[in-house]
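**Q**
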Amino acid sequence: MATSKIFDDEPGLWNAFQQGDIRAFELIYRTHSSMLLSYGRRLCSDHDLVNDVVQDVFVEIWTRRSTLRDLHTIKYYLFRIVRNKLSKLRASNLLVAVDEDDRMDDEQLLSPSIEFLITQQETSNDQAVRLQQAITKLPSRQREAITLAFYHDFSNEEIAGIMGINHQSVINHLNRALTFLRDLLTSQPIVAILIGLFL
């Protein structure tokens, strides 16, 4: 994560935040809020509810900042809190999961890394659209794992922690997703590159 020049590194940023530095809090918010909103909207079709949950997370961490412990990374911590809150709402039947026909716009489905690979391979716009459409056809857990891996660059261990599953389950979800994409898009070299990143 890029930090401002006034903070040496992420631990320094987190420490300043814990001490009540409003600039540190603002930087954490600016850096992570849009990613959290994007991730939450893939888990829940009620985007207003996702907005509220993300705002609540930032209010909560500011209120409890002095009691929060050191963490793996700020990004990992925030993703895990958002997912836990949405999971609790789902358990209370207050959250509606994303339906097959209620997905994000195609532009939002592709991660920067996938876009970069597509550009590098000079694949056509048509192929890029086909890949985006294929990702929307994945089961929700596989789609979530692919999103966390490609869009947010989390490791398998981090994905396991965020999703609340074990490491092997993450590997299984990613392998099944990539196998599905390979079978659906056998003519696209981009899929072979994606598979090579994980296998």
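Note that numbering that gives the first Met the number 0 gives residue 119 to position 120 of the sequence shown, counting from 1, and the numbers run on in steps of one.
Glycine included, every Cβ here is placed at the ideal spot set by N, Cα and C.
1) Taking the Cβ atom as the reference point for each residue, do I145 and R79 lie within a distance shorter than 7 Å?
2) Starting from the C-beta of I5, find all residues in its chain whose C-beta is less than 7 Å away, skip the five residues before and the five after it, and write them out in chain order.
3) Consult DSSP for V97 and reduce its assignment to one of helix, strand or coil.
4) Going straight from the alpha carbon of L180 to that of K136, what length do you get?
5) Hey, out of N14, G39 and Y38, whose CA is closest to I27's CA?
6) To the nearest angstrom, how far is it from the Cα of R64 to the Cα of H31?
7) Excluding the 5 residues preceding and the 5 following R175 in the sequence, name in chain order all residues of the same chain whose CB lies nearer than 7 Å to its CB.
8) Assuming the contact rule is C-beta atoms closer than 8 Å, L85 and V52 should be a hit. Round their C-beta distance to whole Å, please.
9) Which residues in the same chain as E156 place their Cβ atom closer than 7 Å to its Cβ, once the five residues preceding and following it in sequence are excluded?
10) Mind checking which residues open and close the alpha helix (DSSP H) that includes I5?
11) Between which two residues does the alpha helix (DSSP H) holding N171 run?
12) Whole-angstrom Cβ separation of V81 and L35, contact assumed at under 8 Å?
13) Report yes if the C-beta of M162 is less than 6 Å from at least one heavy atom of the ligand NAP; otherwise report no.
14) What span of residues does the alpha helix (DSSP H) with G160 cover, start to end?
15) Output the boundary residues of the alpha helix (DSSP H) element that contains S65.
16) Could you spell out the range, first to last residue, of the alpha helix (DSSP H) harbouring T30?
17) If you follow the alpha helix (DSSP H) that K136 is part of, which residue opens it and which one closes it?
**A** Looking at the coordinates:
1) Sequence index remark: in the sequence shown, residue 145 carries index 146 (1-based). Sequence index remark: in the sequence shown, residue 79 carries index 80 (1-based). Result no, Cβ atoms of I145 and R79 do not sit closer than 7 Å.
2) Within the sequence shown, residue 5 is the residue found at index 6, counting from 1. So the qualifying residues of the chain are R22.
3) The residue given as residue 97 occupies position 98 in the sequence shown. For V97, the predicted structure reports a pLDDT of 45, less than 50, and the residue's modelled location is therefore unreliable. The matter cannot be settled from this model.
4) Translated into positions along the sequence shown, residue 180 becomes position 181. Translated into positions along the sequence shown, residue 136 becomes position 137. Roughly 9 Å between the two C-alpha positions.
5) Counting from one through the sequence shown, the residue named residue 27 turns up at place 28. Ranking N14, G39 and Y38 by Cα distance to I27 puts N14 first.
6) For the purposes of this step, residue 64 is taken as the residue at position 65 of the sequence shown. For the purposes of this step, residue 31 is taken as the residue at position 32 of the sequence shown. Taking the straight line from one Cα to the other gives about 16 Å.
7) What you label residue 175 is simply residue 176 of the sequence shown in a count that begins at 1. Counting only Cβ-Cβ distances below 7 Å, and skipping sequence neighbours, we find Q141.
8) The residue you call residue 85 lines up with position 86 of the sequence shown. The residue you call residue 52 lines up with position 53 of the sequence shown. That belief holds up - the Cβ atoms of L85 and V52 are roughly 6 Å apart, short of 8 Å.
9) Within the sequence shown, residue 156 is the residue found at index 157, counting from 1. Same-chain partners within the cutoff: H166.
10) Residue numbering aside, residue 5 sits at position 6 when the sequence shown is read from its first letter. Counting along the chain, I5 falls outside any alpha helix (DSSP H), and DSSP gives it neither H nor E.
11) Here residue 171 is taken as the residue at index 172 of the sequence shown, counted from 1. Counting along the chain, the alpha helix (DSSP H) containing N171 begins and ends at H166 to L183.
12) Within the sequence shown, the letter at position 82 stands for residue 81. Within the sequence shown, the letter at position 36 stands for residue 35. Right, their Cβ atoms sit about 5 Å apart.
13) The model depicted lacks the ligand NAP and carries no ligand whatsoever.
14) The sequence position of residue 160 within the sequence shown is 161, counting from 1. Where G160 is concerned, the enclosing alpha helix (DSSP H) stretches over N155 to M162.
15) The count along the sequence shown starts at 1 and reaches residue 65 at position 66. Here S65 belongs to no alpha helix (DSSP H), and DSSP marks it neither H nor E.
16) Your numbering for residue 30 matches position 31 in the sequence shown. T30 -> alpha helix (DSSP H) spans I21 to L42.
17) Residue 136 sits at position 137 when you count from the first residue of the sequence shown. No alpha helix (DSSP H) contains K136, which DSSP labels as neither H nor E.
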